[in-house]
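Here is the structure we will look at.
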Amino acid sequence: MKPNLRQDLETIQRQLMAGQFQEGIATCRKVLSYAPKEPNALYMMGVAAAQLGDANTTQVAFDAALKVTPDRVDLLMNYGNFLRETGALDRAQALLQRASELAPKTAGVWQALSSTQLRLERFDAALVSAERFIALAPKAAAAWELAAGAAQRLGNRDRALGIIKEGLESLPESPSLHYALGQLNRESGEFAAASTAYERARQLGFQSADLYRNNAESLLEEGRPLDAAAFARIGLARFPSDIALHQVATRLHVESKSPGDPVGELIKAARSERTNATLWETAIGFLKYLDRQEDERRLLEEALSSGSPKTPRLLSLQAIAMADAGDTKRMVATYENLLKRFPDDAGVKFDFAIQLLKMSEPQRADRLFDEVLKNSPLDQMALGFKSTALRLMGDDRLNDLVDHNDMVFEVEIPVPNGYSSRSAYFAEVAAVLETLHHTRAHPIDQSVRGGTQTNGFLFRIAHPMIAQLEQQIRLAIVDALHRFPTDSKHPFWRRNTVDTGAADIVFSGAWSVRLSAQGFHTNHMHPKGWISSALYIAVPDEVTGASDDAGYIQFGAPEEKLGLNLPPIRTIKPQVGNLVLFPSYMWHGTIPFSSKQPRITVAFDIVPHTE
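Residue numbers (our numbering): 6 to 616.
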C-alpha cells in the first residue's frame, strides 16, 4: 500500500493533541522510514519526545529538523526552550535570537528569549526582550514579571516595583502580579504592604506554599508574631508536605510562644506520608533542637518502622540515639556499617566524627573530617570541628588552621558626620534595632539563649539608619581586609582578594540579636560564611564594668554538647561601636551575664565577592 504522507501527518497531530506521545513518535518513525527528511515528522517527534522527557530523541529529532528547515520559527522556539531547560543556555539563546529576528512581532519569542537571558545573567538584554514582550502582549502577566525580574537583578528595585505597579494597572486582577508586588515590597522592607499584596494574591486564587511562608514572615516582621504563626499553620492545611513551610511554621510557633505542640503538625504530616523520609528527618531534628529526648527516640523508632526509606540520615540519627542511650559500642558498629554502605556520604562521616569527638577519639575523627574536606575544602563546620580534634590531640597544626590571635580582628566602626559622639550615634541605632525584635523567644535552631533575633536579612530593612549602618560597616570591613595576608594554601586566608572595595562586600546573612538578663550565645560556628562578626550596639553597664568576663565574646571553646569542657582560648570585652571579625569556622559564643539592660549586637557573615 502506498504511503499517504498527508494522512500520516494528520494522525501525528491528533495523537499529540490527545497526549498520545508514544503513539505519535511511532507514527513519526513510520513517516521517516519512507520520507527520512520530512521536516514536520522530525519536528513533531522532537515535541513528543520532549513531553516524555526523552532528551536524546528530542535533540536528535530537532537537530535533524533544523538542518532541513533552519528558519522555522516554531522549531527555533521549541528547541530553544528545550535547550534552556536542559542547561544548554548559549545555544538556546542563539536559536531564540534567530527566532526573534525572523518573527519580531511574535510575543512568545520574546518571552522565551528573555527567560533564557535571565538564566544567563544577561540582565540588560533580558530587560530589553521583556519590554518587547510587554509591547506585544500587555495583558500577559508573565511579560511584566520578566521585566521586573530583570530590573531587580540589575539592582534597580525601584524600577522593578514600578514595572509591577504599571502591570497591575493593565491587569488589576492578576494573582501573580500581586504576589510579585508582595515579593518586592518584602525585599524593600515594606512588610505591611507586602502582607497586603500577598493576601490580595491569595484572594484572587494564587496558591503556593511560598506565599504562605513569605506572608507569615512578613507578618512577623510587621510585628505580628501570633498572626504569623497562625497564617503559616493555615498554609500547612493546604500544603501539608512542604518542608520549607513546616520549618517556618515550627520556628514561628516557638518564637511567638503560640499554644500547642510546635512540632505537632510536622509529626502529623510525617505519619500521613509515611514514605516521605524528609518529613520524619525534619520532625526528629526539631525535637532534638527542643531537647525532647524521649519524644525524639519514640518518633525515630516510628519512622524506622513506618515503611519510610531508611536514608543515611535516618540511620545516622538511629546511631546517635544509641550513643545518647550510652550504647557507644552499637553506635560505632552501626557507623562502621554505614560507612561501608554509603562510602561517599559526607553526612554519615561528619556525624560519626562528632560522636568520636564525644568519645575522646580525636585521631579517627580528624581523619573523617579530612575525608569530608577532601570533597568540600571550604566546609566551615568540618574545619571548625577539625580544630577541636587537633586541640584534643595537642597537634601543632591547630594554630595554623585557626590562630585565635592573628585571625581575630577588632575594628572601630566610623561614625557618620552629624553626631556629637559615638555613644549618641549608636544609641540611635539601638533604638531602631529595638523596634525590629518582634519575637518572644529565641530561635529554635540558632545559638541565642535568653534573647531574640531579628528575622531575615537585616540590611534589606527600609530604614535610613539601617542603610547608613550598613555603609559604615562596609567601610570598616574594607579597612580590616587590607590587613589580611594572602596564602593560597590556607582555607581562610586564600579566600582574601586584595581588590575588595566597600561595594564588593557580599553579605550571606545579617541580623540583630538582643540578649536580656542571663542571656548568652551557645558556642557555635557559621556554616554559610567566610568571615563572621559581632558589632556591639548596646552594652550593659554590668558588662562594661565587670571584673570578670561576663558578657564577653569567647573564642575556641567548642559546643557544650560535645561534653569536652575545653575552656575558651581567647575572650574580648565588648565595647559599643567595636566590630569583631573572625573566621566563620572559629568556635565562638557569649559568656552569660546578668543585667536589666539589653546587650544588642549586629552580626553578619560575608563571603568573597569573587566566589
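Ideal Cβ positions, reconstructed from N, Cα and C, are used throughout, including at glycine.
Remember, it's a predicted structure, so these values are computed and weren't measured experimentally.
(request) Return the CA-CA distance between Glu306 and Gly92, expressed in angstroms with no decimal places. (result) By one-based count along the sequence shown, residue 306 stands at place 301. By one-based count along the sequence shown, residue 92 stands at place 87. One C-alpha to the other measures close to 42 Å.
(request) Could you please give the first and the last residue of the uninterrupted alpha helix (DSSP H) stretch that includes Asn45? (result) Here the question's residue 45 lines up with position 40 in the sequence shown. Taken as a continuous stretch (DSSP letters only), the alpha helix (DSSP H) holding Asn45 covers 44–56.
(request) Measure how close the beta-carbons of Leu441 and Ser381 come, nearest whole angstrom, since I'm counting them as under 8 Å. (result) For the purposes of this step, residue 441 is taken as residue 436 along the sequence shown, with counting starting at 1. For the purposes of this step, residue 381 is taken as residue 376 along the sequence shown, with counting starting at 1. Leu441 to Ser381, Cβ: 34 Å. No contact.
(request) Could you tell me the boundaries of the beta strand (DSSP E) in which Pro588 lies? (result) Your numbering for residue 588 matches position 583 in the sequence shown. First-last of the beta strand (DSSP E) with Pro588: 583–588.
(message) Using a Cβ distance threshold of 8 Å, determine whether the stretch 202–221 contacts the stretch 474–491, with at least three qualifying pairs required.
(response) no
(request) Compute the Euclidean distance between the alpha carbons of Pro496 and Val612, then round it to the nearest angstrom. (result) As a first step, residue 496 must be located in the sequence shown, where it is residue number 491. As a first step, residue 612 must be located in the sequence shown, where it is residue number 607. One C-alpha to the other measures close to 13 Å.
(request) Quick one: give me the first and last residue of the alpha helix (DSSP H) that Thr459 is part of. (result) Looking up residue 459 in the sequence shown gives position 454. Thr459 -> no alpha helix (DSSP H), and no H or E assigned at all.
(message) Helix, strand or coil, according to DSSP, for Trp285 in the structure here?
(response) The sequence position of residue 285 within the sequence shown is 280, counting from 1. Trp285: helix per DSSP, three-state reduction.
(message) Assuming Leu540 is part of the alpha helix (DSSP H), what are its boundary residues?
(response) Taking the first residue of the sequence shown as position 1, residue 540 is located at position 535. Leu540 -> not in any alpha helix (DSSP H); beta strand (DSSP E) instead, spanning 536–543.
(request) Alpha carbon to alpha carbon, how far is Tyr217 from Lys42? Give it in angstroms, no decimals. (result) Taking the sequence shown and counting its residues from 1, the one referred to as residue 42 is at position 37. Taking the sequence shown and counting its residues from 1, the one referred to as residue 217 is at position 212. Going from the Cα of Lys42 to the Cα of Tyr217 covers about 51 Å.
(request) Quick one: using the 10 Å Cβ neighbour count with 16 as the cut-off for buried, is Pro348 buried or exposed? (result) The residue given as residue 348 occupies position 343 in the sequence shown. Looking at its Cβ environment, which holds fewer than 16 other Cβ atoms inside 10 Å, Pro348 is exposed.
(message) Restricting to runs no shorter than 4 residues, where is the alpha helix (DSSP H) found entirely within the stretch 125–164?
(response) Every unbroken stretch of the alpha helix (DSSP H) spanning 4 or more residues and falling wholly within the stretch 125–164 is given here in chain order: 128–141, 146–158.
(request) Assign Ile596 to one of three DSSP states: helix, strand, or coil. (result) To locate residue 596, count along the sequence shown from 1; it is residue 591. DSSP, read as helix, strand or coil, puts Ile596 in coil.
(message) Can you find the residues in the same chain that come closer than 7 Å, C-beta to C-beta, to Ala32, ignoring five residues on each side of it along the sequence?
(response) By 1-based counting over the sequence shown, the position of residue 32 is 27. Correcting the residue type first, residue 32 is Thr in the shown sequence and not Ala. Answer for Thr32: Asp13, Thr16, Ile17, Gln20, listed in chain order.
(request) Could you please give me the residues that DSSP links to Ser517 through a beta bridge? (result) Within the sequence shown, residue 517 is the residue found at index 512, counting from 1. For Ser517, DSSP records a beta bridge to Val607.
(request) Look up Glu415 in the DSSP assignment and say whether it is helix, strand or coil. (result) Sequence index remark: in the sequence shown, residue 415 carries index 410 (1-based). Correct three-state label for Glu415: strand.
(message) What residue range does the alpha helix (DSSP H) around Gln208 cover?
(response) Walking along the sequence shown from the start, residue 208 turns up at place 203. Its alpha helix (DSSP H) spans residues 196–208.
(request) Consult DSSP for Val483 and reduce its assignment to one of helix, strand or coil. (result) What you label residue 483 is simply residue 478 of the sequence shown in a count that begins at 1. Here Val483 sits in helix by DSSP.
(request) Rounded to whole angstroms, what's the CA-CA distance from Lys7 to Val36? Just pull it up for me. (result) What you label residue 7 is simply residue 2 of the sequence shown in a count that begins at 1. What you label residue 36 is simply residue 31 of the sequence shown in a count that begins at 1. Between Lys7 and Val36, the C-alpha separation is close to 12 Å.
(message) With H, G and I counted as helix, E and B as strand and the rest as coil, what does DSSP make of Gln559?
(response) Here residue 559 is taken as the residue at index 554 of the sequence shown, counted from 1. Strand at Gln559.
(request) Report the rounded CA-to-CA distance for Ala97 versus Gly113, giving the unit in angstroms. (result) The residue labelled residue 97 in the question sits at position 92 within the sequence shown. The residue labelled residue 113 in the question sits at position 108 within the sequence shown. Cα to Cα, Ala97 sits roughly 14 Å from Gly113.
(request) Assign Asp610 to one of two classes, buried (16 or more other C-beta atoms within 10 Å of its C-beta) or exposed (fewer than that). (result) For this step, residue 610 is matched to residue 605 along the sequence shown. With 16 or more other Cβ atoms within 10 Å, it is buried.
(request) Would you decide whether Tyr424 is buried or exposed? Buried here means 16 or more other CB atoms lie within 10 Å of its CB. (result) Locating residue 424 in the sequence shown gives position 419, counting from the first residue. Burial call: exposed.
(message) Could you tell me the alpha carbon to alpha carbon distance between Leu322 and Leu395, rounded to whole angstroms?
(response) Within the sequence shown, residue 322 is the residue found at index 317, counting from 1. Within the sequence shown, residue 395 is the residue found at index 390, counting from 1. Straight-line Cα distance between these residues: approximately 26 Å.
(request) Under 8 Å Cβ to Cβ from Ala40, same chain only, skipping five residues before and after it: list those, please. (result) Looking up residue 40 in the sequence shown gives position 35. Around Ala40: Pro8, Leu10, Ala46.
(message) Could you give the first and the last residue of the continuous alpha helix (DSSP H) run that contains Thr393?
(response) Residue 393 sits at position 388 when you count from the first residue of the sequence shown. Start and end: 385–398.
(message) Nearest by alpha-carbon distance to Tyr621: which of Gly194, Gly167, Leu209, Asn161 is it?
(response) Nothing about residue 621 can be read from this structure; the chain reaches only from 6 to 616.
(message) Given this structure, state the Cα-to-Cα distance separating His409 from Leu586, to the nearest angstrom.
(response) In the sequence shown, counting from the first residue as 1, residue 409 sits at position 404. In the sequence shown, counting from the first residue as 1, residue 586 sits at position 581. So the two alpha carbons sit approximately 11 Å from each other.
(request) Taking the CB atoms as reference points, tell me whether Leu271 and Thr283 lie closer together than 8 Å. (result) Taking the sequence shown and counting its residues from 1, one reaches residue 271 at position 266. Taking the sequence shown and counting its residues from 1, one reaches residue 283 at position 278. Contact flag unset, no.
(message) Quick test of the definition: if touching needs 3 or more C-beta pairs under 8 Å, does the stretch 220–234 touch the stretch 454–473?
(response) yes
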